[in-house]
Structures are given as C-alpha cells and as structure tokens.
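To start, the structure itself, in structure tokens.
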Amino acid sequence: MASDTPVFELDGQKFATGLLLSSTDNVALMARVAEFEDKLMWEDDAIKNALVINGASRHILDRERHGAYMRNQGEIGSCCPCANTTGIEQTRQAQGMPHVALAHCFTYTQISGGKDSGATLPDAFTSTQQMGATPYLLQIGGMTKRYPNDVYSSRQVPADIHKAATEQAKRFRGVRLLKLPLGNFEKFCRAAATGIAKRWPMVWAWQVENIGMRLNKGYMQLARGAGNHANCIHSGKWVGGKTLVHGDNQNSWGPVRDPMYGPAVAGWGENGYGLTTMEGLFACAHIHPPYFIISVGVDPNDPAFAGL
Amino acid sequence: MPKPNSRQVAAPVTTSRGGDSSFFWFLMFGGLLVFTIWMLQDQDREHSDHDKKQHVTPINGENERKKEVPDDNRQNNANQKTEITGTVIFVHAREPISPDLTRLLLDAEAYALVSAGKFSMRSIDVLDPNPAVKKIIDAAKAINIVPPFMVHKETMVFAPIPANLQAVKDKYGK
Numbered sequence: 001m002a003s004d005t006p007v008f009e010l011d012g013q014k015f016a017t018g019l020l021l022s023s024t025d026n027v028a029l030m031a032r033v034a035e036f037e038d039k040l041m042w043e044d045d046a047i048k049n050a051l052v053i054n055g056a057s058r059h060i061l062d063r064e065r066h067g068a069y070m071r072n073q074g075e076i077g078s079c080c081p082c083a084n085t086t087g088i089e090q091t092r093q094a095q096g097m098p099h100v101a102l103a104h105c106f107t108y109t110q111i112s113g114g115k116d117s118g119a120t121l122p123d124a125f126t127s128t129q130q131m132g133a134t135p136y137l138l139q140i141g142g143m144t145k146r147y148p149n150d151v152y153s154s155r156q157v158p159a160d161i162h163k164a165a166t167e168q169a170k171r172f173r174g175v176r177l178l179k180l181p182l183g184n185f186e187k188f189c190r191a192a193a194t195g196i197a198k199r200w201p202m203v204w205a206w207q208v209e210n211i212g213m214r215l216n217k218g219y220m221q222l223a224r225g226a227g228n229h230a231n232c233i234h235s236g237k238w239v240g241g242k243t244l245v246h247g248d249n250q251n252s253w254g255p256v257r258d259p260m261y262g263p264a265v266a267g268w269g270e271n272g273y274g275l276t277t278m279e280g281l282f283a284c285a286h287i288h289p290p291y292f293i294i295s296v297g298v299d300p301n302d303p304a305f306a307g308l
Numbered sequence: 001m002p003k004p005n006s007r008q009v010a011a012p013v014t015t016s017r018g019g020d021s022s023f024f025w026f027l028m029f030g031g032l033l034v035f036t037i038w039m040l041q042d043q044d045r046e047h048s049d050h051d052k053k054q055h056v057t058p059i060n061g062e063n064e065r066k067k068e069v070p071d072d073n074r075q076n077n078a079n080q081k082t083e084i085t086g087t088v089i090f091v092h093a094r095e096p097i098s099p100d101l102t103r104l105l106l107d108a109e110a111y112a113l114v115s116a117g118k119f120s121m122r123s124i125d126v127l128d129p130n131p132a133v134k135k136i137i138d139a140a141k142a143i144n145i146v147p148p149f150m151v152h153k154e155t156m157v158f159a160p161i162p163a164n165l166q167a168v169k170d171k172y173g174k
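This is how it looks when you write it as structure tokens:
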C-alpha cells in the first residue's frame with residue numbers, strides 16, 4: 001500500500017517522500033535547539049583543506065565511504081526517519097564507532113501515529129534522542145531477527161521484534177544537534193560549509209516534483225514549495241566564492257548495496273547522490289530548519305568501553 | 001801526449017751523446033706518458049669530485065643542510081613510531097572542533113580501517129551522558145587531566161590530544 005505522502009515514479013519504480021509541516025509544538029522545540037554560532041565558523045582555507053584531499057574532492061571519497069549504507073524507503077513515507085538514522089550512522093562512523101545498520105522504520109513507528117502519512121523533522125530527531133534508533137538485526141531467544149523496513153506502525157511488527165527493538169534502541173541515541181543560522185544567507189553558507197567540512201551530516205528539506213527525480217549534470221533539480229522531502233547532506237564539494245561549498249545529498253531512494261536497507265532497484269541520482277547549491281539548501285530552510293548531527297552517545301555494548 | 005783523435009773522441013762522445021739522446025727521448029716519452037696518465041687520472045678525480053660536489057653542494061650553504069637532512073631524517077625516523085595497536089579514545093567537545101583535530105580524527109579513522117582490526121579509535125563528546133564517558137573523565141580528573149584528552153584503553157595512559165596522528169603514534173605506538 002502506497003504512502004499518503006506524495007509518491008513519485010522513476011523508471012517504473014515508486015518512491016514516497018514523507019515530510020510534513022511542523023506543528024506548533026515542533027516549532028517551539030526547534031527554537032530551543034542550539035544554533036551554529038559565529039565563533040564556530042572556519043575560514044575559507046580550513047574549509048577547503050578539509051574538503052579537498054590530495055587534489056580530490058572529499059564528496060567523491062565520502063560517496064564510496066557511505067554508499068554501502070544507502071537506503072531505499074520505497075513507497076513508505078519515512079524520509080524523516082531515513083535522514084536522521086542515516087545521519088546517526090554517519091556520525092557514529094566519524095566518531096570511530098563500529099558500523100551498525102539502523103532501522104529507520106522503527107523510528108517511523110514511534111512518530112507516525114500509526115498511519116503512513118509522513119512525519120516532521122523535529123519529531124524524528126526527538127525520537128532518536130529520547131527513544132534512540134534500533135539496529136536492524138536483533139538477537140531474540142538465541143535467534144537473529146530483522147526489523148522490517150516496510151512498516152509504519154508497531155502493530156505491523158511482531159511483538160517480540162518490536163519489544164527487542166525498543167530495548168536495543170537505548171544503545172543508539174543522538175546527543176547533540178546544531179541548527180543553521182537563517183537570518184543571513186552569507187552566514188548560512190559559511191555555517192553550512194563549516195559543518196560539512198567538520199564531517200557532520202546535515203538533515204535538510206527540499207521540494208520534490210517530477211523534475212526532481214533526475215539530476216541535471218550531477219545537480220539536483222529542486223521545485224518551488226515548502227519542502228516535502230527530507231534527506232541527509234553527507235558531504236560536500238568545495239567551490240569557493242561566496243557560497244564556498246555545494247552540498248552532496250544522500251537520498252533515500254536507493255540504489256541499495258545491502259538489501260537490509262530496502263528494496264533493490266536502480267535508484268535515484270548518481271548511485272543515490274546528487275549535488276545541490278547553497279541556494280538549494282536555503283530554499284526551504286525557513287520552513288524546515290536544517291540541522292547538523294554533531295554527536296551520538298556511546299553504545300554501552302561497545303567493546304571499546306568494556307572494563308572501563 | 002797525443003791528442004785524442006777527434007773522431008775517436010767524438011765517436012764515444014757521439015756514441016755517448018747518441019745513447020743519451022735515446023735515453024732522453026725515452027725519458028721524455030715516458031714522462032709524457034706518465035704525465036698524460038696522471039692528467040687523465042686527475043681529470044677523472046676532478047670529475048668525480050665535481051659529481052660528489054654536485055650531490056652535496058648546491059648554493060648558499062645548502063650543502064650543509066643537504067648533508068645533514070638525511071642524517072636527521074634517519075634519526076627522526078628512528079624515533080618515530082610507525083605502528084599503534086589497541087584503542088585510543090579521544091574525549092573532547094565535538095563542538096567547537098578545530099581543523100587540526102578534525103583532520104587527526106579523520107586520519108585516525110582511516111588508519112583504523114587499514115589496521116585490520118589491530119587499532120581502533122573513538123571520538124567521544126564530553127556532553128555524552130553515558131556512565132562510561134563519565135568514568136573516563138573522572139579517571140582523568142583523578143590525575144589532574146581534563147578534557148580534551150586521549151587515553152589508550154589497554155594501558156590507561158592519559159595525555160593531551162596532540163596535533164596529528166604521528167604524535168599519537170609516538171605517544172602510544174611502537
């Protein structure tokens with residue numbers, strides 16, 4: 001069954017979106033999230049040095065690094081959980097933690113209200129901070145069971161799996177977020193470029209229409225609108241000038257390398273990725289403020305902390 | 001006393017002169033040969049010296065530096081640790097984070113990837129409420145070290161976070 005959220009077609013495959021407008025409570029919550037301060041911003045050289053490594057753009061290297069964990073939400077309106085769990089996985093990787101595949105649909109079941117009608121970004125990150133994100137693979141009664149990736153309600157999930165998922169989620173919690181400053185475009189550009197250079201994944205929103213299903217010379221084609229789809233900027237390309245960097249977007253429409261992350265289809269963009277300009281990142285920012293995932297918590301089961 | 005026959009006298013003289021002349025030419029030829037060989041050898045020596053000088057003697061005293069640099073490198077390489085095993089935990093504010101620390105963590109992560117499981121790293125936020133993080137920070141405080149710091153899990157040796165991965169290897173490596 002297709003999602004209630006806008007669904008688009010690409011090469012015969014359907015892909016849902018799933019970003020809802022924030023509620024009043026969401027707006028109040030977002031207002032309390034710390035903002036990227038001027039003193040945290042880097043100079044041009046530092047940003048460039050972090051994004052150009054031995055003459056190669058880091059976004060190409062990062063595509064290889066993160067491509068193994070590309071998601072495909074398919075026809076489920078779970079873009080917000082996808083963007084956040086992808087961001088948590090990448091922050092864990094940057095923190096040196098062993099890779100654990102996290103099930104975005106668990107987070108979706110926490111915030112969907114039992115319907116496949118999308119979610120908001122503040123609800124998604126609040127859930128990953130409070131409930132945590134759960135691993136796909138769960139040890140239950142001596143067996144390994146997998147959390148499904150085509151569900152939106154806990155009622156669709158076997159009780160033992162959902163119970164174990166809820167318990168395991170405590171191990172994978174987000175710790176710190178930082179939202180981007182929106183008052184001044186130049187400042188927004190420098191903050192976004194700095195965060196990307198610091199290897200923080202950015203969760204952001206854009207407006208998808210049919211044209212957005214294909215790239216134009218490697219770049220995303222954003223439509224005008226409030227924003228109906230959330231993704232993760234996993235890296236960036238140094239371009240210099242006033243906008244400094246173009247973000248490299250990791251979508252959640254495949255192609256997946258690991259079938260655990262969703263249906264295996266040809267997928268979107270350049271192996272799931274597409275560049276966007278700072279103007280593109282800024283387009284829906286006032287309605288869906290983008291934020292960086294700065295840190296995630298230590299997994300108590302991590303052998304690196306055993307015996308400490 | 002009869003005068004010597006000039007021819008007779010002359011003869012030996014001539015003969016003698018004749019013998020001296022051959023000897024002279026022999027000496028001349030031999031000397032020239034020896035001189036030529038010596039010159040050639042000298043020239044070779046000069047070329048050889050010149051070649052050596054070209055290797056070690058560029059301008060403006062560079063020669064001294066160039067002579068010393070390889071020695072210094074040998075010495076530095078001898079002091080530098082090339083391998084590190086175990087787990088290094090970096091405890092610091094994930095924000096603000098400097099370009100140097102960002103690069104150090106990236107290099108450490110890359111080194112962990114190629115170490116085939118011998119080395120691992122963790123970059124831990126001081127704001128992480130997990131008890132494991134609190135324990136590490138408390139252990140550091142007990143010896144008057146506060147974040148940002150790093151600790152080698154296997155040896156529990158604490159130290160300030162240095163500027164680059166090589167310095168981490170120098171601290172904990174072999």
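If you read the sequences in order, they're chains D and G. Heads up: the first sequence begins at 1 in the working numbering, then just goes up one per residue. Heads up: the second sequence begins at 1 in the working numbering, then just goes up one per residue. Here a beta-carbon is modelled for each residue, glycine too, at the ideal position from N, C-alpha and C.
Taking the C-beta atoms as reference points, Ser120(G) is found nearer than 8 Å to Ala112(G). Contact of Asn144(G) with chain D is not assigned, every C-beta pair being separated by 8 Å or more. Identification of chain G residues near Lys198(D) by a Cβ-Cβ cut-off of 7 Å yields Ile97, Thr102, ordered along the chain. Excluding sequence positions up to five before and after Gly218(D), its CB lies within less than 8 Å of the CB of Glu270, Gly274, Leu275, all in the same chain and listed in chain order.
Taking C-beta atoms as the reference points, Ile294(D) and Leu178(D) count as a pair closer than 8 Å.
Listed along chain G is no residue with a C-beta nearer than 7 Å to that of Met278(D); the closest approach is about 21 Å. Bounds of the alpha helix (DSSP H) holding Asp44(D) are 44 to 51.
Of the other Cβ atoms in all chains shown, 16 or more fall within 10 Å of the Cβ of Glu109(G); this residue is therefore buried.
For Thr109(D), the secondary structure class from DSSP, reduced to helix, strand or coil, is helix. Relative to the Cα of Ala169(D), the nearest Cα in the group Arg63(D), Gly77(D), Thr243(D), Gly132(D) belongs to Gly132(D).
Straight through space, the alpha carbons of Leu102(D) and Val91(G) are spaced by roughly 25 Å.
Near chain D, meaning a CB-to-CB distance below 7 Å, the residues of the segment 130 to 157 of chain G are Asn130, Ala132, Val133, Lys135, Ile136, Lys153. Assignment of Pro160(G) by DSSP, reduced to helix, strand and coil, places it in the strand class. Between Leu127(G) and chain D, the shortest Cβ-Cβ separation is below 8 Å.
Burial of Thr85(D) is indicated by the presence of at least 16 other C-beta atoms within 10 angstroms of its C-beta. Counting the other Cβ atoms within 10 Å of the Cβ of Asn249(D) gives 16 or more, which makes it buried.
Residue pairing for Ile60(D): DSSP places it in no beta bridge. Among the bridge pairs identified by DSSP, Trp206(D) is matched with His229(D).
Around Glu83(G), no beta-carbon contact reaches into chain D at under 7 Å, the shortest distance being about 18 Å. Judged by their CB atoms, Pro148(D) and Ser22(D) are not nearer to each other than the 8 Å cut-off. In the DSSP assignment, Tyr219(D) falls outside any beta strand (DSSP E), carrying neither H nor E. Taking the C-beta atoms as reference points, Pro81(D) is found nearer than 8 Å to His104(D).
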